[in-house]
Structures are given as structure tokens and as C-alpha cells.
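Right, one structure below, let's go through it.
Number of protein chains: 4
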Amino acid sequence: MSAPVSVTVWNEYLDQQRHSRIAEVYPHGLHNAIADGLRDLLGEGASVRTATLGEPDQGLPQATLDTTDVLLWWGHHAHDEVTTATVQRVRQRVLAGMGLVVLHSGHLSKIFLDLMGTSCNLRWRNDGRQELVWTVSPAHPIARGVPHPIVIDQQEMYGEFFDIPQPDELVFVSSFAGGEVFRSGCCYRRGAGRVFYFSPGDEDYPVYHHPDVRRVLANAVTWAHNPQPATVPTTTHSPDSPDGWFRERPSAPPVTSP
Amino acid sequence: MSAPVSVTVWNEYLDQQRHSRIAEVYPHGLHNAIADGLRDLLGEGASVRTATLGEPDQGLPQATLDTTDVLLWWGHHAHDEVTTATVQRVRQRVLAGMGLVVLHSGHLSKIFLDLMGTSCNLRWRNDGRQELVWTVSPAHPIARGVPHPIVIDQQEMYGEFFDIPQPDELVFVSSFAGGEVFRSGCCYRRGAGRVFYFSPGDEDYPVYHHPDVRRVLANAVTWAHNPQPATVPTTTHSPDSPDGWFRERPSAPPVTSP
Amino acid sequence: MSAPVSVTVWNEYLDQQRHSRIAEVYPHGLHNAIADGLRDLLGEGASVRTATLGEPDQGLPQATLDTTDVLLWWGHHAHDEVTTATVQRVRQRVLAGMGLVVLHSGHLSKIFLDLMGTSCNLRWRNDGRQELVWTVSPAHPIARGVPHPIVIDQQEMYGEFFDIPQPDELVFVSSFAGGEVFRSGCCYRRGAGRVFYFSPGDEDYPVYHHPDVRRVLANAVTWAHNPQPATVPTTTHSPDSPDGWFRERPSAPPVTSP
Amino acid sequence: MSAPVSVTVWNEYLDQQRHSRIAEVYPHGLHNAIADGLRDLLGEGASVRTATLGEPDQGLPQATLDTTDVLLWWGHHAHDEVTTATVQRVRQRVLAGMGLVVLHSGHLSKIFLDLMGTSCNLRWRNDGRQELVWTVSPAHPIARGVPHPIVIDQQEMYGEFFDIPQPDELVFVSSFAGGEVFRSGCCYRRGAGRVFYFSPGDEDYPVYHHPDVRRVLANAVTWAHNPQPATVPTTTHSPDSPDGWFRERPSAPPVTSP
Chain U
-19 MSAPVSVTVW NEYLDQQRHS RIAEVYPHGL HNAIADGLRD LLGEGASVRT
31 ATLGEPDQGL PQATLDTTDV LLWWGHHAHD EVTTATVQRV RQRVLAGMGL
81 VVLHSGHLSK IFLDLMGTSC NLRWRNDGRQ ELVWTVSPAH PIARGVPHPI
131 VIDQQEMYGE FFDIPQPDEL VFVSSFAGGE VFRSGCCYRR GAGRVFYFSP
181 GDEDYPVYHH PDVRRVLANA VTWAHNPQPA TVPTTTHSPD SPDGWFRERP
231 SAPPVTSP
Chain L
-19 MSAPVSVTVW NEYLDQQRHS RIAEVYPHGL HNAIADGLRD LLGEGASVRT
31 ATLGEPDQGL PQATLDTTDV LLWWGHHAHD EVTTATVQRV RQRVLAGMGL
81 VVLHSGHLSK IFLDLMGTSC NLRWRNDGRQ ELVWTVSPAH PIARGVPHPI
131 VIDQQEMYGE FFDIPQPDEL VFVSSFAGGE VFRSGCCYRR GAGRVFYFSP
181 GDEDYPVYHH PDVRRVLANA VTWAHNPQPA TVPTTTHSPD SPDGWFRERP
231 SAPPVTSP
Chain F
-19 MSAPVSVTVW NEYLDQQRHS RIAEVYPHGL HNAIADGLRD LLGEGASVRT
31 ATLGEPDQGL PQATLDTTDV LLWWGHHAHD EVTTATVQRV RQRVLAGMGL
81 VVLHSGHLSK IFLDLMGTSC NLRWRNDGRQ ELVWTVSPAH PIARGVPHPI
131 VIDQQEMYGE FFDIPQPDEL VFVSSFAGGE VFRSGCCYRR GAGRVFYFSP
181 GDEDYPVYHH PDVRRVLANA VTWAHNPQPA TVPTTTHSPD SPDGWFRERP
231 SAPPVTSP
Chain H
-19 MSAPVSVTVW NEYLDQQRHS RIAEVYPHGL HNAIADGLRD LLGEGASVRT
31 ATLGEPDQGL PQATLDTTDV LLWWGHHAHD EVTTATVQRV RQRVLAGMGL
81 VVLHSGHLSK IFLDLMGTSC NLRWRNDGRQ ELVWTVSPAH PIARGVPHPI
131 VIDQQEMYGE FFDIPQPDEL VFVSSFAGGE VFRSGCCYRR GAGRVFYFSP
181 GDEDYPVYHH PDVRRVLANA VTWAHNPQPA TVPTTTHSPD SPDGWFRERP
231 SAPPVTSP
């Protein structure tokens, strides 16, 4: 029996999220709606906690990150308030093997910009019409058990050109009522970590209560989890390596069944 | 608790494999050495059987394929004896979601040629010197728990140019004593199925007894297993689809925790 | 001054294409409409000829292929009439460096199926409504000079899931009036050759008279042209290569400026 | 006749480069050796200038960047001296369509780190032994006219794991006398720009005088040049886009033959 995946759901959770129309859709905050979905679908396979910007160390002290297998990130209006120190802590953990799932408006979060290297800009229009999410990689574990397409009745439009690196694996492509398309489910590997961007999920609509969206997020957590990252010391420095350096090392650690 | 992965290890297992120098290295055939490695490492997580060319339906009747989650393929001298019917049965199952792990000289097997669309030719030299297998994708599950590099003391040289499509994910690159390099661990998705090619494993050397090679194969089985392939009816035909075809379907089947 | 690109535009050009509604849209056949577009846009940079199924050797004798840098392929109802011999001749030339541009219903041509290794099935509906073709790779030469999106007023719907290998480079994604999406511009490398699939272009609509579609095809010819393929003898066999084989070769041929 | 490609070769060119053993190998600096190679091979097809860190605006004022089609970058000991402002100017131009060729120790330059999003660390050993550069993508224009392998008699070892995103196109893989391998030629697209990393080229050895290395750099300039970048306003901001925004635009600009 393998240990449960340790998941942290982070939300900026500003005052306006607590006291606005958003609170009608997500009375306990987006983070708790997302966390509840993961608990329902992953059951004992995951241990899920939440964190918010207003907490000490912006909710992500080193001790939390060190015990997080997969981090989900929801932010929109407070990207600038996230400090460089927080971004660096998250980034180091991703390169060392922590999974990262970036949601919706997180496309402009500092951590996503930092890992992508591009502007991550896109076109948008908040008119609350239909989004259809089509699977283009049915062999991918993130697409397991979801219909083709996922129908989301009300959603903000996100449209191309989306200025991201070509995904290592493109899982979903969306269309919108206005005719736009969007690469809405994108996988990347960075160092020993895996990153998934999923665009459905505006705060104005009950997207995170949608059973298929919840399924995608549960699948994404399972995919992003890297329980035994390969030893890659070169992610922290560039070592001078004498001839035959790889022959003198101690024998490989014992491996256990997955 | 999920069901064990149903694995079939196929070997051409010709007479010369039974009665030659190979039999000293693999007294019960390569397939049984490979199967034993999977049983040791995956334990109750897998149910492993073997099949050979000389059996009815070339060891792969429809009933076997229909109950196989992941097929491993070892062939060398008898590629031409595999019938078109066998290749088509395997191919259909791969596109429908069965995993396929192609080993070593299987690069010229009909099924691999068919799924790749290229010549799959390469350079080779059977001089039994050292191969080093380097991980270039530490975030990939197939690289879990293997040293960097894997040191194989005696192996046939396989060298570039290897005429394959660019892999969806390149996991391993090997170097050889003669200075050649080779893309030795390559992932592809085809339809709803996943394909992994792994080059180490000549019949003249005890490569499949090597603990790190066994670990790679166990990881590959876990990766290639697609327990709940997305519904992709278009892999069997190109349907005329009336406007709104996706709205009239019955509600999605109930999804269960992975 | 480099030599003009030698282009061959192939069309099945059946009787019904000569004597039907199609003939109103394309009085001289689709192949001549396509060829005219290339001549207009590439000028002295290209030498363009046409070929059809009814000609000797199905329009593609070895001598034609040997002097073709880029082949465009349009077929729909006569895929089965193309012989294995023709497919093999084309395939060998692609792996040796000839470019191949596969158009619209050519997704089920034998040569495309052969090079992809998948079923290449898709969903379709011929209702003659709007297709929008969005650029998702603005750094790609095939996207040069085309608007975002290309608006095609009347077109057949082609929808996902499109059962192809993940493209090496995805250039265009289309949306349709019915809400479907489609990966409509896909690049692949096979051996020393380059393959581009472009879906807009039904015979019922004047798509190949559209200035932006003509621009895409001209760009595709330029991209697919590989004037000096790397020497890759292993695309024709798998040579036994003695230690140091690469040191004894004659000096490299003189290279000339592009 | 198209305009020549405007190329700028940038070198940190510190005092020690001017007055050391390096000056014996490159008496006029690495930048001039590289520039001479491009002029010899591209002839009238390119207009080549050089720039160094000690010049005003670190050699890269906006006016220079605005008139540069492809920038080559050589740096090693002065990465930290490159200012954030310089990095931002270069980055904006890359996303807007300027090509960037990053050389050897430039793997740790700020601009490369910024565009990759990873640590870009690697293993190294400066023992001046042989590097073999193998082509793994013979259809790629950067591999045109180079032997397989390129033999470089004396070179610093750069070895995996190289912490980069999976390349969009992997063109070269190197082996070293010590048995290490390295992804030595890697293509990326970022925004409307193209980036090529090429590792051969230490300052201690006459690598940039090697005819095959010069050929690779000339090919890389041609490949990285994007003469007519697609219009992608979303690389500079994320615009609110009213329904049908793409229908009201003025007609497409006239396109000209390439």
C-alpha cells in the first residue's frame, strides 16, 4: 500500500473573494471547493490541505512545501503580492520533483511565468457562455473517465494565441461560443517535476463543482505526483565531474515495489 | 484496491533459442526471464503470463489480447513469420488502449514498423562491450529508482541514426564503448495506447537479469497501462456526425476512484 | 541563387470530379487550382507540375518522384485504387528527404496512414458552415503572413478526436460552427523527409481559391523542402558497423551556401 | 531577392579573453571568429556585426536589437554583469520574433535561464578530449551538410542530466571520451521567436574554426530567422476581446513572395 499523495491547494483568497458574488458560488472559497472535489474522488489515496496568501509565509513555508507532493495554484488579482521568496521556494520544489497544477487565471502567476519563460498572455472575454473541452490525447491519464467533450455551460472565454511553450503533451483543446479555440490542458516537465495547466475555472461560475472538472483535477494530481524522483543533483548546481565519476558511487539504493 | 495489471510477455522463441549459447544465459527463454523480473518487482500489482510464436494463433489469439493490459514484445530472427493477421490484432488493441513495450531487436518487428511508419533502421555491432544508459527525463515514471547512468557491462551496440519518429518523450540516451550514441528509451502514444521502446537486451548477454533493466521494464509496464481509456470511437471509423451529436448522448458512465 | 523547388501536385481526379458540381468550383481540377496558387505565390522560386491517378504508374513513376522536392496529395474516393507499389515509391522518397503535403480527405490515404501508423479517423459533417483556423505556433514558417484566424466561410467540418500521433509541431487549430475543434495544421518529420497535414480544402467549396489557404500551401512547400538531406544510410538498411567505422570515411563533401 | 539576414554576435569579451591563452586561439575574440564563419558561409545572405559587454548599453541598445534578425550569445564568466534591463530588452525581441542562438557556456546566461524556466545545470569536465556530435534529426535544416558524426578532437565535456525543458526538436546528441552523453543541439520556440542551443564551443579550443561547427552555426542562423512573424499582440498583454473581435479588423496586409 503506497502512502497517500500529499496535496496542498493554494488560493490567494482576497477579501473580495470572501464578501462578493464569488462567495455565493464558493461560500468557503475556491480552495475548499477544489479540495473537497479531490477528497471525494481520491479518497484515502490523497491527503489534502489548503493554504492562502494571508497566512504566514504566504501560506507556503518551506515545511509545507517539503511535505507537499502536488501543489494546486489558484490566483487572479494578487499575483503581484506573491513575493520573490515564495516563488523561489515553490520553483525549487518543482525542479526537485513536486507536481504543480496551475488553474485558470494562474496563467499570469509569477510561478507559471517563471517556469514557462514566455509572456503567457492570451485573449479573454467574460461573457459566461459555453465552453466545450475536447480530448486530443485519449491515451493520457489526465483524460481518464471524462466525456468528449466536457460541456461547461457558463465560463469565461480564454482564446489563442496563448503565449506558452509548445506543451510536452497537449491533452485538451477548448472551443467557445464566440468561435475561439484554446489549448486548455497542457503538460510540461521541468527538472524532476511535472506541471499541468488547466484553464476552465473562473471564480464567477460554479466550474469547480462540475463533476468532469473535478475528475480532471483528481487525474492531474495523480499524474503530477512523482513519488521517487530520479537523482538529479545537477538541478542545484553544475558539478565538475572527474573522469569516471559515475563508477565510484555507492551501490544503488534498494528499490521497492511501486 | 485496483485490479492487477494483466501482462503478456511474447517471445519468438525459436529452436535456436532453446538449444544454443542463448540457452545458457536464459535457460527458460528470454520471455520467462523477463516475466520473472516483472513478477519480482510488481508482485501482486501484476498478473504475468508468457506467449510464443509456436503456439496457436502465434501465441496471441484475440482472447489473450482482449485480456492483456500490457504486451511486451521480443523478436529477432522471425519477424517475417509473424502474420499480417497477428499484427493487425495487436495493432487494433494498441489503438484501443493496450500498452506495448518493444524490446531490443523488436525495432524491426512488423508491429513496431507499422506503428512508427518509418524504417526503424539503425547501426549495430555485436562486440559485447559496455553500454551506459543515461536518464534525460528525470520527471518520467519510467526513470524512477534507476541509477544515472545504468551501467551494462556487456551489450550489443545500437547506434544513431535510428530512423524513428521523434519520441513524444525521450527518457534514456545510451553511449557505447565505440563512441556511438542511441536514443534507447522512447515513449509514443498511438490512439488510446502507449508504446515504449527500450533497446538494451540482447540475447547473447544477461541483460534481463540486470536489476536496473528489470526495474525499467517494471516501470514501463506501470506507465503503459491505461486502465480506463477515453472513449474514442473514431479510432475504428470516421463517423458522419450531425450537428450537436455530442449533446444527445446518454449521461457519462459513473466514474470510480483510480 | 538556389534552384527552384520542384513541386508535384497529385490528384486522384476521378470522372465525377470532371463532370460534377465540383467542376463548377474547380473547372480544371483541384490539382490545377492548387498548382496555380503555388505558381502565383512562389513565382520563380518553384517549378510546379501536376499528376493524376489515371496517368501511367498512377502519375508517379520513379523518374517523377526522383525529381520532386515536395509532393502535394489530394485524394478522397479512390484511396483504395492507389497500389502498394505506388505507396512504397512515395514512402521511400519521403524517408530519403522528399517533402509531403497531405490535404483534407487525404487523411485516409494509404501513404498518410502508412507514415502515421494510426487509424487517422476523425469526425466529419458536410454542412458547409464556417471554419476558423487559428495559429498556435506564430514562430512557425508555415504561419507566415496569414491572419489570425483565417476565416473560411464554407467548409466541411472535421472534428476531434483525430487519431494521429502527437504532431512534432502543431501550427493550426480550427473551430467549427457546431462547436467542434480540430488540429488542422500538423507537422511531422519522417526519416529525412518532412510531412505537413492541412485539413481545409473540401472539393465542394472554393477553399483552394482562398488567398490565405493559398498562402499556407506556399509556406508549406517552402518548409517541407529539404534541399540537402543529411546522409542517413540507415533509412534503407541496418548496417553492421565495425568499431571506428565513422573515422575511415572519405572527407565530407564540399558544402555550398544555401 | 530577399534582404540579407541581420546578425549580431555578442560576446562578453572580458579582459582575460583579450590577454590570455584564449587570445592565442581567438586573437580577435570569439565573436569575430564566429562572425567570420557566418560571413564566409552565408555570403551576401547575411549582414553580420559584433557586440560586446563593454560597449554602451552592454552592446545591445534597443536600436541594435530592433535591427537584429538573429542574435548569437557567447558568455561564460560575466553572466552576473548582464543587467536585468539588457535581459528584458533581448527577451522582448525574442518573443516578438528575433532568433536567438545560445552557445556553450551560455547555458547559464540570464537570458537562457529566463527563456527556459529551469536551472539549465549540467555536468562538465575540462579535459580536452574528443566529442562526437551525432545527428538525430536528419530532416532538420540545422543538420544540412554536416557529417555524421561531427568529430571534434578537443573539447570540454558537457554531460547529462542537462536540466532543460524537453526540446521542441532535438537535432544533435554528443558523446564524450569519458562515456557521457549530452543533448548538444536543441530547438525551442518562444512567442514568435526561435531559440537554438548548441553546446560545442569552449574558449580553450579552436572549435569555432572547425568547418562543421561553422556550418551548424550558419544553418542555425538561417533556421532562427523569422522574416515575417505572425501578428501575436497577446505576447505583450492579455486583451479583453469583444465577441467577434476578429471580424472587424482591416483586411490582411498584402503578402509578398518569400
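Residue numbers (my numbering), protein chains in the order written: chain U, -19 to 238; chain L, -19 to 238; chain F, -19 to 238; chain H, -19 to 238. Backbone N, C-alpha and C define an ideal beta-carbon position, used for all residues, glycine too.
Query                                                                                                                                                                                          : Result
Assuming F/Asp49 and F/Val(-13) form a contact by the criterion Cβ under 8 Å, report the distance between their Cβ atoms to the nearest whole angstrom.                                        : 7 Å
Closest Cβ-Cβ distance between U/Glu160 and chain F: below 8 Å?                                                                                                                                : yes
Okay, do the segment 7 to 26 of chain F and the segment 189 to 205 of chain F touch, 3+ Cβ pairs below 8 Å being the bar?                                                                      : yes
May I ask which residues mark the beginning and end of the beta strand (DSSP E) holding F/Ile132?                                                                                              : 130 to 139
Chain L beta carbons: is any one of them nearer than 8 Å to that of U/Arg258?                                                                                                                  : Summary: the structure shown does not reach residue 258 of chain U, with chain U confined to residues -19 through 238, and so no result is reported for it.
Can you list, in chain order, the residues of its chain whose CB lies under 7 Å from that of F/Asp107, leaving out five sequence neighbours each side?                                         : Met137
Within the continuous beta strand (DSSP E) that includes L/Glu111, where are the two ends?                                                                                                     : 103 to 115
Pull up the distance between the alpha-carbon of F/Gly97 and that of L/Tyr(-7), whole angstroms please.                                                                                        : 27 Å
Any Cβ of chain F within less than 8 Å of the Cβ of H/Gly125?                                                                                                                                  : yes
How about H/Pro219: is its C-beta nearer than 8 Å to some C-beta of chain U?                                                                                                                   : yes
From the DSSP output, read off the bridge partner residues of F/Thr(-10).                                                                                                                      : Contrary to the premise, residue -10 of chain F reads as Trp rather than Thr in this sequence. F/Ala31, F/Trp53, per the DSSP bridge assignment.
Given this structure, state the Cα-to-Cα distance separating F/Ser231 from H/Leu112, to the nearest angstrom.                                                                                  : Since pLDDT at F/Ser231 reaches only 45, below the 50 mark, its modelled position is unreliable, and no value is offered.
Between the alpha carbons of H/His59 and H/Val28, how many angstroms are there, rounded?                                                                                                       : 23 Å
Can you tell me the Cα-Cα spacing of H/Arg(-2) and H/His189, whole angstroms?                                                                                                                  : 18 Å
To which residues of the same chain is U/Gln38 closer than 7 Å at the C-beta, ignoring the five residues directly before and after it?                                                         : Val62, Thr63, Thr66
Could you work out which residues of chain L lie near U/Gln110, taking near to mean beta carbons separated by less than 7 Å?                                                                   : Those within 7 Å of U/Gln110 in chain L number zero; the least Cβ separation is about 11 Å.
For U/Tyr(-7), decide whether its Cβ has a neighbour in chain H, counting only Cβ atoms nearer than 8 Å.                                                                                       : no
Please go through the same chain and pick out, in chain order, the residues whose beta-carbon is closer than 7 Å to the beta-carbon of U/Leu83, but skip the five residues on each side of it. : Leu52, Trp53, Trp54, Phe178, Gly181
Less than 8 Å between the C-beta atoms of U/Asp143 and U/Ser99, yes or no?                                                                                                                     : yes
Residue ranges of each beta strand (DSSP E) run of no fewer than 3 residues wholly in the segment 124 to 208 of chain U, ordered along the chain?                                              : 130 to 139, 149 to 156, 161 to 170, 173 to 178
In or out: H/Glu140 buried (at least 16 other Cβ within 10 Å) or exposed?                                                                                                                      : buried
Would you kindly work out how many angstroms separate the C-alpha atoms of H/Ala(-17) and H/His11, rounded to a whole number?                                                                  : 23 Å
Could you tell me which chain U residues have their CB closer than 7 Å to the CB of F/Val116, listed as they occur along the chain?                                                            : Glu140, Phe141, Arg163
For L/Leu80, which of helix, strand or coil comes out of DSSP?                                                                                                                                 : strand
Could you please give me the residues that DSSP links to U/Asp220 through a beta bridge?                                                                                                       : H/Trp104
On a CA-only basis, which of U/Ala123, U/Gln208, U/Ala157, U/Arg194 is nearest U/Cys167? Give me that one, please.                                                                             : U/Ala123
If contact means a Cβ-Cβ distance below 7 Å, which residues of the segment 87 to 113 of chain H contact chain L?                                                                               : Leu112
Just verifying my parser: in three-state terms, what is the DSSP assignment at L/Val67?                                                                                                        : helix
Looking at the strands, I want to know which residues DSSP matches up with L/Val(-15).                                                                                                         : L/Ala26
Would you mind giving the Cβ-Cβ distance between U/Val116 and F/Arg163, rounded to the nearest angstrom? I have them listed as a contact below 8 Å.                                            : 6 Å
Would you say L/Ser155 lies against chain H (beta-carbon separation less than 8 Å)?                                                                                                            : yes
Buried or exposed for F/Asp192, going by 16 or more other Cβ atoms inside 10 Å?                                                                                                                : buried
Take the Cβ of U/Ala31 as the centre, count every other Cβ of all protein chains shown within 10 Å, and call the residue buried at 16 or more, exposed below.                                  : buried
Could you tell me the distance, in whole angstroms, from the CA atom of L/Met(-19) to the CA atom of F/Gln42?                                                                                  : Reliability of the predicted coordinates at L/Met(-19) is poor, the pLDDT of 48 falling under 50, and the value obtained from them is presented with this limitation in mind. Going by the C-alpha atoms only, they are around 59 Å apart.
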